[in-house]
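Here is the structure we will look at, set down as structure tokens.
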Amino acid sequence: MITVVNYQSATLLSPQRSSSGSSHSPRSSSSQPYLSISVTEPVKLGNGVQAYISYRVITKTNFPEYQGPEKIVIRRYSDFVWLRDRLFEKYKGVFIPPLPEKSTVEKFRFSAEFIELRRQALDIFVNRIASHHELQQSEDLRTFLQADEETMERLRSQETGIFKKKPADLMQIFKEMQTRVSDVVLGKEKPVEESNPEYEKLKNYIFELENHLSEAQKHAYRLVKRHKELGQSLSDFGKAAKLLGACEGHALGKAFSDLGTKSETLSVRLQKEAHQLLMNFEEPLKDYVRAVQSIKATIAERANAFRHQCELAETIKLKEINLDKLMLTRSDKVGEAELEYKELKAESEEATRRFENIVRVMNEEIVRFQDQKTQDMGIAFHQFAKGQSRLANNIADAWRSLLPKLEACLS
Amino acid sequence: MMGSENQGFEEAHIDASREEMESLVLDDPSNNSNGTKSFSHHRSAMSSLADSHHLLSRPMVAAPADSDPLLAPPSFRDFRNPNVAADNSSYIEPPSYADVIFSPFDENAVHEIDGVDSPGRSSDSSVSLSRSPSSSSDYIKITVSNPQKEQETSNSLVPGSNTYITYLITTRTNITGFNGSEFSVRRRFKDVVTLSDRLAESYRGFFIPPRPDKNLVESQVMQKQEFVEQRRVALEKYLRRLATHPVIRKSDELKVFLQVQGKLPLPTSTDVASRMLDGAVKLPKQLFGESVVVAPEEVVQPAKGGRDLLRLFKELRQSVTNDWVGSKPPVAEEDKEFLEKKGRMHDLEQQLSNASQQAESLVKAQQDMGETMGELGLTFIKLTKFENEEAIFNSQRVRAADMKNVATAAVKASRFYRELNAHTVKHLDTLHEYLGLMLSVHGAFSDRSSALLTVQTLISELSSLHSRAEKLEAASSKIFGGDKSRIRKIEELKETIRVTEDAKHVAIREYERIKENNRTELERLDRERHADFLNMLKGFVLNQAGYAEKIANVWAKVAEETSAYAREST
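Sequence lines, in order, name chains L and S.
Position one of the first sequence corresponds to residue 1 (my numbering), numbered consecutively onward.
Position one of the second sequence corresponds to residue 1001 (my numbering), numbered consecutively onward.
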């Protein structure tokens, strides 16, 4: 199913390949199926420790399963978390789109930048789900997009998914997963791991990739800071130049004063660029890191599924031996045992099916992931380069405009 | 120093073409500068950057294994000949960075850069301030080099304890007052202090460049080699400044300092002043040890300790009178214009200090930007390598290629930022220089006030002498036939009055002379400062614009290379 996704507010982090049409005028006559979502209007609610942000989630669609062409609901961060957890449970093997971090400290400060970044990330999250050919079918998605607030609240408080666990528990689980994976990487023999060299390579790749990306993201963040600092120091320098100019007077004084004014102008420009850099370069890198972490969670799921399958296979073998024994001794427990055996066989086949499904899905997902990331990063790089180039040109123009007067003074 | 941390970059800049850069960088990923330069205090930041910009221009040269560890690397060498020996006197004027690097946006800019860069703005370690005094054809070029340890020859209780450093001071000049066109002497720091003290005495009222600090603490705390090098640089700057002062460059003191071999034949102080009343030193007399004590002439120097104690007290009393009584002193500083100028100088100093500080911050911010950009670039290079090695899908290779473009641009931009900064430091250093000059201005103004104080003191002394004489005469006239003792006293008093009158005249003349020096120097300072600051502004702006353009081009290329993504997303 071709899905046409458009972005109203999340302008540049569009992970999807194409989008067209405006969300203001859904093509009612067109037979093109579309599901487009906007996460908008963040509003701070509550007080003190209880404070949280609510978002207006606007869905526009012509999917038959949905209640109508447009629906607006109010959602908060934990609702998004609920959706993510449900999808993770149901769609094993799929790389679930990542959520922005649940910040505990920044929440209190609620800076405009933080709010906007989060809103943007949530918008992208939900649209990525909407454009994933499997995930977009999810009933939980429909619930998320359409249910009233009370229902949502009820569902939210019921959830005890893997991500709902306390951070400490989560850390423990991840650590165990990591040890298991790294054990394999290190070549330690553990009976319950896949011996799939390609898959090993993939796991390796994912773990190393996270390291590289984290480093890149760190530097990108620092770069944002540098822009702010340069802006600040230019502003201070400009002020000092103006004061010095007031002392000097005449042509020199005017020259200093002009320089000061230009410096202050450029300072503002730099602050703007810092913001752009944060939104369009650092955030995509962060998003990339989160995506890789989501893959790690899927890797853990696969490991679980594999282990489960192996355990059942082991159990079945034992049961077979037992059954044969019983049959040989013509025990009256044979019937029972045969029944158990059949059940186990079914379970085992189910487990194998599930595992193989995960493998199949993951193989598709990894292709999609690489494609998507090339797109995402391509856009981010483009924005970055464009931004830097524009900034530098502005700077060059600003300084150059001072030259004619300066040269006149000196001649 | 900055240079040592970034050898990878700097060597790449010179030896490798841009395309080779990334392979060099890939070889040296750990060499990227994580260490932040910590600026312990304001001055050091700018000055160390000013010095280190030499290191940016050439690879670090390892000192030959058998050289004296005290031998510091040369302050500046032609960057095309990095292996020139340390004390080889190569006076090749260094090529201007602008010439080498710039692809100027218009033709005129190139010439102007040259014009700007030649006389006043040289690329060597000191920014020479003023224009050449008369014609640009006469010059004095001074170099300080080759520090060496020497032993104190006088008897000391502990043998071998008194060592000091001497520096080789080489002068090249075509001015006729000197003996020859090229000559060298060895001097120690103490000699420089002497020179400075003597100049202060001879050239009252002039803006005499301040000498380098004694740095007693630093000399104990710093590494010997670093301290010696720091001092060498400071000495060179100082002597060069002296050589550009239109009056001082012709002084006998400087000539003696630069030419006379062996021990510096300037006495460390003048408790005997054998001077012409116009303030010039009569050196031959002094050298022969002739000392003519003439009271009036002594007043041309401010009161110091020792014999002048009495005079000190008198002047102190006078100044207190001036302050407390509130009555106008006999000769007041009535020159309104001067007071105005003094106020202006004070304001200027404040704003210079502020601007100088902000300039430091700006330089630091630029440097940080360059550093972080470079680190970002390196990280992406590593990522590129990683993706290429692990690539299974073509999308990965595409991404790796995109990343490489960004990384390359980031590293290039980083280099540009660093180069820009080196220039910025050079230009904004002018602010520092003039801030330092304020010290000279203070000195000249205080010469004036102490001369005025001397005049005031003499005037009030005269008036009290006169009233004493009147009283004595009145008393003595009452005694019939005369009062031998009183009459004798009156005669003595009259003699004292005469001498004091003479001294007063001399003091007034001296005061007027200093006033005139102040005036001409202020004019010169304003003139030169205007020119230097305008040049500084122009140079700064030109640099900023030039490098911004280069950086813009680098990124425009990447934006072009990634433009496909932009089209797809809209």
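Think of the CB as a built atom: it goes at the ideal place given N, C-alpha and C, for glycine as much as any other residue.
| field | C-alpha gap between SER294 (chain L) and VAL1221 (chain S), whole angstroms | value | 55 Å
| request: Using the Cα positions of SER1396 (chain S) and VAL1406 (chain S), report the straight-line distance between them to the nearest angstrom. | output: Correcting the residue type first, residue 1396 (chain S) is Gln in the shown sequence and not Ser. Rounded to the nearest angstrom, the two C-alpha atoms are 15 Å apart.
| Who are the near neighbours of LYS1550 (chain S) in its chain, counting only those whose CB is closer than 7 Å to its CB and skipping five residues on each side? | PHE1416
| said: What are the residues in the stretch 204–220 of chain L lying within 7 Å of chain S by C-beta distance? | reply: TYR205, GLU208, HIS212, GLU215, ALA216, HIS219 and ALA220
| task | Look up GLN952 (chain S) in the DSSP assignment and give the residues it is bridged to. | result | Within the shown structure, residues of chain S are numbered from 1001 to 1570, placing residue 952 (chain S) beyond reach of any answer.
| query | Does the beta-carbon of LYS102 (chain L) have 16 or more other beta-carbons within 10 angstroms, so that it is buried, or is it exposed? | reply | exposed
| What are the boundary residues of the alpha helix (DSSP H) that includes THR1562 (chain S)? | From DSSP, THR1562 (chain S) is part of no alpha helix (DSSP H); its letter is neither H nor E.
| What first and last residue would you give for the alpha helix (DSSP H) that runs through TYR1417 (chain S)? | 1394–1478
| said: Counting only Cβ pairs nearer than 7 Å, list the residues of chain L close to MET1438 (chain S). | reply: Chain L residues near MET1438 (chain S): none, gap ~12 Å exceeds 7 Å.
| task | Using the Cα positions of LYS1224 (chain S) and ALA1559 (chain S), report the straight-line distance between them to the nearest angstrom. | result | 51 Å
| So which residues on chain L does ASP1429 (chain S) lean against when the C-beta distance must stay under 9 Å? | Those do not exist, as ASP1429 (chain S) stays about 14 Å from chain L at its closest Cβ, beyond 9 Å.
| Test: VAL1558 (chain S) CB closer than 7 Å to a CB of chain L | yes
| said: Among L:VAL126, L:ARG368 and L:ASP236, whose alpha-carbon lies nearest the alpha-carbon of PHE1393 (chain S)? | reply: L:ARG368
| Is it the case that the CB of LEU1235 (chain S) approaches a heavy atom of the ligand SAM more closely than 6 Å? | The ligand SAM is not part of the structure shown, which contains no ligands of any sort.
| query | Which value, in whole angstroms, describes the spacing of the CA atoms of TYR52 (chain L) and LEU45 (chain L)? | reply | 5 Å
| said: When you compare the CB of ILE1551 (chain S) with every CB in chain L, is at least one pair closer than 7 Å? | reply: yes
| query | What residues from the stretch 1358–1370 of chain S come within 7 Å of chain L, judged by C-beta to C-beta, listed N to C? | reply | GLN1358, ALA1359, SER1361, LEU1362, ALA1365, GLN1366, ASP1368 and MET1369
| How is the alpha helix (DSSP H) around ARG119 (chain L) delimited, first residue to last? | 112–130
| query | Is DSSP giving ILE1142 (chain S) helix, strand or coil here? | reply | strand
| message | Going residue by residue through the stretch 1480–1530 of chain S, where are the continuous beta strand (DSSP E) segments of at least 3 residues, counting only ones entirely within it? | response | none
| request: Quick one: list the residues of chain S neighbouring GLY378 (chain L), beta-carbon separation under 7 Å, in chain order. | output: ASP1402, THR1562 and TYR1565
| said: Give me the chain L residues within the contact set of GLU1390 (chain S), using Cβ-Cβ distance strictly less than 7 Å, ordered along the chain. | reply: TYR205
| query | Is ALA121 (chain L) close to chain S, meaning its C-beta is less than 7 Å from at least one C-beta of that chain? | reply | no
| In this structure, does DSSP put PHE1183 (chain S) in helix, strand or coil? | strand
| field | Beta-carbon proximity of ALA220 (chain L) to GLU282 (chain L), cut-off 7 Å | value | yes
| request: Compare the Cα-Cα distances from GLN388 (chain L) to each of L:ALA274, L:ARG360, L:LEU285 and L:LYS405 and report the closest residue. | output: L:ALA274
| message | With H, G and I counted as helix, E and B as strand and the rest as coil, what does DSSP make of PRO1267 (chain S)? | response | coil
| query | DSSP on ILE74 (chain L), reduced to helix/strand/coil? | reply | strand
| message | For a contact defined as C-beta to C-beta under 7 Å, what are the partners of GLU1375 (chain S) on chain L? | response | HIS219
| field | Residue-chain proximity (SER1184 (chain S), chain L), Cβ-Cβ < 7 Å | value | no
| If GLY231 (chain L) and LEU277 (chain L) are in contact, beta carbons under 8 Å, what's the gap, nearest whole angstrom? | The pair is not a contact, with the Cβ atoms about 12 Å apart (cut-off 8 Å).
| message | So that I know if they touch, is there some Cβ in chain S lying closer than 7 Å to that of LEU127 (chain L)? | response | This sequence places Asn at residue 127 (chain L); Leu is not what is there. It does not; no Cβ of chain S falls within 7 Å.
| Cβ neighbours of ALA1400 (chain S) in the same chain (closer than 6 Å, five flanking residues each side left out) | THR1384, GLU1387 and ASN1388
| query | At a Cβ threshold of 7 Å, is ALA1548 (chain S) touching chain L? | reply | yes
| task | Closer than 6 Å by C-beta to ASP1526 (chain S): which residues in its own chain qualify, once you throw out the five before and the five after it? Chain order, please. | result | none
| request: Would you mind stating whether VAL289 (chain L) and GLN217 (chain L) have Cβ atoms separated by less than 7 Å? | output: yes
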